[in-house]
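Numbering (the UniProt record's numbering), first residue to last: 1 to 924. For each residue, glycine too, the CB sits at the ideal point set by N, CA and C. Everything numeric in this text was worked out from a predicted model, so none of it was measured. Worksheet: one structure, shown below.
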């Protein structure tokens with residue numbers, strides 16, 4: 001085989017890599033390690049389109065390059081295989097989600113292997129595999145058996161907390177816990193019943209049960225995350241979503257807020273991602289205080305970063321979900337307020353946070369008292385206040401907060417501008433309102449006023465200084481079937497862990513994948529979904545874990561995926577450590593990445609892993625957008641007009657399948673096969689061809705612009721696909737897929753082949769010594785590609801390869817000393833053709849065992865320079881001169897050049913400006 005038969009070559013090397021287990025990794029203390037990781041995919045039924053492999057190709061290039069540089073590389077792949085789509089398909093068809101998931105995984109794996117990735121498939125994990133999720137359940141159990149000790153500033157075993165309670169009671173304990181946790185003595189603890197003790201411990205555990213406001217979708221029968229809700233409807237299916245209080249499992253991620261915030265400074269991540277996490281965590285320093293309510297024992301707690309504006313408070317605003325709302329609504333406000341609450345609380349918090357234009361609210365009819373001046377303050381309900389942030393209530397200072405101001409103006413409420421002290425700088429000039437001084441904190445600088453106000457609150461026993469975080473504890477349950485069962489049973493209404501020996505707690509069989517008729521989650525349909533202990537048989541938890549559970553620790557399991565004894569061995573964890581390069585989408589900035597960091601810090605606290613941060617460097621790849629094609633149908637006819645002629649007709653554009661369009665030319669026969677209903681269509685052509693219009697849009701089935709990588713590989717090969725995806729532009733940027741440009745990359749590979757074989761199939765490679773120019777071309781490429789990979793600029797490397805092959809072809813270079821190292825440098829990008837030609841050069845071992853060649857400076861030194869020679873500022877010629885000439889020699893050579901004489905025309909130059917190595921400028 002002397003032609004470039006990419007199909008045979010790529011199949012041969014993919015089979016050989018798999019047979020030889022070439023990319024399987026294990027700890028090797030003799031080599032430095034490199035852990036390269038891609039965000040693992042959810043295996044959807046649609047399979048991959050050409051946008052999906054973008055990040056995988058980039059990480060694969062780095063992986064192969066690092067191997068050539070002497071690193072021991074771990075580069076695994078697996079599947080985040082629990083998910084709502086498979087469950088919805090199961091509800092519609094009755095087919096078990098495991099069957100659908102297995103089929104989708106098989107399809108994904110075939111596609112990934114066809115692209116030639118250097119994945120260690122032996123380490124593959126699937127989050128829905130019981131052998132995997134037994135360890136997810138085990139980690140949940142460790143969280144349940146831990147609490148966060150503020151003095152140690154880390155998680156400790158709950159048994160440690162129990163020992164303190166037994167010896168000292170709770171008064172000396174400084175731990176993260178529920179705010180309503182009551183203090184007790186050691187004597188009290190010993191008198192408490194088992195149930196009372198468990199209730200107390202539940203207030204401290206890092207995973208706990210509590211009533212929480214959630215997004216409830218009745219049609220899907222489950223709680224949805226904020227990201228799964230848009231404008232009050234589920235993103236999947238468009239079903240109504242309501243905000244309601246439900247008993248849910250939560251993770252006490254707020255215990256780690258400060259460490260999650262500070263840890264960002266140590267990470268080499270894109271700054272926008274770090275900023276999104278900072279904003280999500282939302283650290284605020286201020287004060288928490290209580291407002292008494294007229295006629296009620298309860299108080300309204302508020303948190304404020306500007307307690308110094310207390311004299312400017314003119315109303316309190318509560319979130320629609322606030323627990324006191326129903327008690328605060330008076331009879332005369334009942335109809336209006338309850339209607340508003342019903343409407344407002346069903347908007348997702350994400351929508352309410354981003355909507356700054358809509359102003360809505362309702363008066364409760366009740367009043368509170370300002371503890372600083374005794375004034376009565378009306379209590380309103382407003383959807384710009386969020387139940388999940390702070391206390392779910394705000395003290396509104398309209399003159400010093402824009403949202404408060406807009407709300408007050410809309411409802412004609414008092415706007416009181418405080419002009420003394422530091423508050424004047426925070427006001428809205430010219431907006432008027434009542435002018436008040438700032439009471440006993442009058443004239444103070446802001447920090448001094450805040451400090452004095454906090455002392456006042458603490459002396460009165462109605463408040464304290466506090467650091468508040470916007471981030472809330474993470475809801476950890478979903479009322480779904482296709483997820484990890486929680487290893488929990490209930491005795492007397494309280495949760496207990498099953499025996500660790502019983503793991504994994506497997507998903508049971510059910511007759512339907514819907515909630516039960518009485519509203520219980522789908523696991524409520526299972527027969528005998530119970531757990532038996534010596535004390536009796538008890539019900540198991542019927543909710544399952546959320547999608548982020550398995551993805552919060554999968555990077556550890558890859559290190560040691562076959563281990564039956566623990567989730568990762570100490571040897572593997574110590575060797576592989578943190579992920580050195582993590583590539584994935586920016587859409588996971590605040591979900592997956594925060595939860596992964598939280599779980600890693602917890603596992604680190606408990607001595608189970610040696611690292612506190614999972615991903616040291618991260619790159620967010622951009623999106624490959626679709627290039628849609630259009631045909632143009634004449635109005636009220638079955639005639640289609642070619643793009644260049646549409647100005648002469650009244651036409652309607654219509655999307656057409658991009659796979660039957662090549663270089664914007666429509667395959668008419670394929671079009672008729674694609675749309676048999678248009679078999680009698682007529683076409684107005686340009687020079688016998690039909691040309692389509694084009695537009696860049698998101699890849700979507702509805703736009704017929706989804707390009708399947710299998711089709712590209714079938715026509716051009718995997719190496720062409722890999723090079724082309726990198727060639728499209730910088731990895732982080734969004735860029736359109738344009739099939740028109742792929743031919744150039746394919747031709748490059750064929751031109752590369754021609755350096756080794758001529759058109760007749762004759763072998764051209766010789767053992768002759770290469771010339772100086774060829775060595776320069778090679779070493780320039782070695783250095784450029786090395787620099788590009790180190791800074792993850794893959795698109796410029798592809799350009800360098802093209803320039804290199806063009807220059808070597810022009811030099812008719814066929815020397816082994818040039819072509820062997822060229823293949824090593826190319827192999828991370830186009831591994832199949834590199835392996836094949838490497839073998840034909842007589843090598844028995846894979847090219848992956850080679851070392852990356854060193855760029856030698858002696859071949860890169862320029863021995864000449866091309867000078868642009870200008871006359872009176874206009875460039876007239878280019879003059880190639882030796883690089884070591886003096887300024888005088890350069891001037892003389894330029895003035896004596898015969899082609900310059902006609903521009904000088906015998907005149908004596910007034911000045912000759914020579915910049916060695918740059919320019920010559922002659923002034924007449």
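Just to confirm, is the Cβ distance from residue i to residue j under 8 Å?
{"i": "residue 781", "j": "residue 745", "result": "no"}
{"i": "residue 466", "j": "residue 303", "result": "yes"}
{"i": "residue 819", "j": "residue 756", "result": "yes"}
{"i": "residue 293", "j": "residue 396", "result": "no"}
{"i": "residue 493", "j": "residue 411", "result": "no"}
{"i": "residue 735", "j": "residue 805", "result": "no"}
{"i": "residue 679", "j": "residue 640", "result": "no"}
{"i": "residue 42", "j": "residue 83", "result": "yes"}
{"i": "residue 709", "j": "residue 115", "result": "yes"}
Let me make sure I understand the geometry here. Which of the options has the alpha-carbon closest to that of residue i?
{"i": "residue 212", "options": "470, 910 and 474", "result": "474"}
{"i": "residue 453", "options": "288, 30, 878 and 267", "result": "288"}
{"i": "residue 386", "options": "400, 375, 344 and 415", "result": "344"}
{"i": "residue 847", "options": "893, 68, 325 and 525", "result": "68"}
{"i": "residue 206", "options": "476, 890, 322 and 733", "result": "476"}
{"i": "residue 578", "options": "46, 155, 267 and 631", "result": "267"}
{"i": "residue 702", "options": "629, 650 and 159", "result": "629"}
{"i": "residue 854", "options": "775, 500, 754 and 866", "result": "775"}
{"i": "residue 636", "options": "653, 626, 627 and 621", "result": "653"}
{"i": "residue 927", "options": "64, 44 and 47", "result": "Nothing about residue 927 can be read from this structure; the chain reaches only from 1 to 924."}
{"i": "residue 180", "options": "203, 760, 260 and 857", "result": "203"}
What's the call for residue i, buried or exposed, on a 16-neighbour Cβ count within 10 Å?
{"i": "residue 731", "result": "buried"}
{"i": "residue 150", "result": "exposed"}
{"i": "residue 835", "result": "buried"}
{"i": "residue 236", "result": "exposed"}
{"i": "residue 106", "result": "exposed"}
{"i": "residue 421", "result": "For residue 421, the predicted model reports a pLDDT of 43, less than 50, meaning its position is unreliable; a value from the coordinates is still stated below. Classification for residue 421: buried."}
{"i": "residue 542", "result": "buried"}
{"i": "residue 51", "result": "buried"}
{"i": "residue 423", "result": "Low per-residue confidence applies at residue 423: pLDDT is 39, beneath 50, and the placement is therefore not dependable, though the value from the model is reported in the following sentence. Counting Cβ neighbours within 10 Å, residue 423 comes out buried, since at least 16 surround it."}
{"i": "residue 763", "result": "exposed"}
{"i": "residue 887", "result": "exposed"}
{"i": "residue 457", "result": "buried"}
{"i": "residue 914", "result": "buried"}
{"i": "residue 110", "result": "exposed"}
{"i": "residue 250", "result": "buried"}
{"i": "residue 618", "result": "buried"}
{"i": "residue 92", "result": "exposed"}
{"i": "residue 160", "result": "exposed"}
{"i": "residue 248", "result": "buried"}
{"i": "residue 190", "result": "exposed"}
Which partner residues of residue i appear in the DSSP bridge assignment?
{"i": "residue 697", "result": "626"}
{"i": "residue 736", "result": "625"}
{"i": "residue 496", "result": "489"}
{"i": "residue 211", "result": "247"}
{"i": "residue 283", "result": "469"}
{"i": "residue 74", "result": "35"}
{"i": "residue 464", "result": "288"}
{"i": "residue 338", "result": "Paired residue(s): none; residue 338 is not in a bridge."}
{"i": "residue 149", "result": "154 and 175"}
{"i": "residue 234", "result": "229"}
Closer than 7 Å: is that where the CB of residue i sits relative to any heavy atom of the ligand MG?
{"i": "residue 307", "result": "Here there are no bound small molecules, and the ligand MG is not part of this structure."}
Below 8 Å on the Cβ atoms is my guess for residue i versus residue j; work out the distance and round it to an integer in Å.
{"i": "residue 515", "j": "residue 498", "result": "The pair is not a contact, with the Cβ atoms about 23 Å apart (cut-off 8 Å)."}
{"i": "residue 859", "j": "residue 779", "result": "4 Å"}
{"i": "residue 480", "j": "residue 222", "result": "5 Å"}
{"i": "residue 398", "j": "residue 314", "result": "6 Å"}
{"i": "residue 40", "j": "residue 75", "result": "In fact, because the Cβ distance is near 12 Å, the residues do not count as touching under 8 Å."}
{"i": "residue 798", "j": "residue 723", "result": "5 Å"}
{"i": "residue 529", "j": "residue 508", "result": "6 Å"}
{"i": "residue 968", "j": "residue 920", "result": "Lying before the first or after the last residue shown, residue 968 is absent from the chain, which here runs from 1 to 924."}
{"i": "residue 555", "j": "residue 37", "result": "6 Å"}
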